[in-house]
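Going letter by letter, the sequence shown gives residues 1 to 116 in the working numbering. Remarks on the structure that follows.
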Amino acid sequence: MRLVLPTPHYMSTFSHWLRPRFKRKMQLIIVKLILSILISVGLSDRQGDALFDMRSKLNATSSQLSDWNQNQVTPCTWNSVICDSDSNVVQVTLANMGFTGILSPRIGELTYLSVL
């Protein structure tokens, strides 16, 4: 036989008040998390596209910047690319590679780039 003790009225009221507030807060946290992930992925894609276009305009050979893969989610794993903790491209090292082309105007899309 199970013994059920009565719950004091104030505990029951507090519990009913707390649940909806907690649920709303959790929903907001989840929405914010999903939005931040989507924004980060979108930003990384745009940065990767800009870098890949730059590679093309520089007339890079197949052996130069060969790991720059336009299908990757983020360019932060590419050689010669350094990102900050928020996955923003902050540095691209292209020195002594012998490129013959021009810099792509899309370099302006790398808004956090501070070293080239």
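Ideal placement from N, C-alpha and C gives every residue a C-beta, glycine not left out.
Separation of the CB atoms of Val90 and Ser80 is rounded to 12 Å, and the pair is thereby denied contact status at 8 Å.
Ile102 sits in coil when the DSSP states are folded into three classes, being neither helix nor strand. By the criterion of a C-beta distance shorter than 8 Å, Lys57 is surrounded in its chain by Gly101, Ile102, Leu103, Ser104, once the five residues flanking it on both sides are discounted. Judged by DSSP secondary structure, Ile82 falls within the beta strand (DSSP E) whose first and last residues are 81-83. At the C-beta level, Arg106 and Met54 come within 9 Å of one another. In this structure, the CA atom of Arg2 is about 30 Å from the CA atom of Phe22. Here Phe52 has Trp68, Gln70 as same chain residues with Cβ atoms under 7 Å from its own Cβ, once five neighbours each way along the sequence are excluded. Closest in C-alpha terms to Asp86, from the list Ala95, Pro75, Leu94, comes Pro75. Note that the C-beta distance between Gln64 and Leu110 is not below 9 Å. In this structure, Met97 places its C-beta atom within 9 Å of the C-beta atom of Ala60. Under DSSP, no beta-bridge partner is assigned to Val90.
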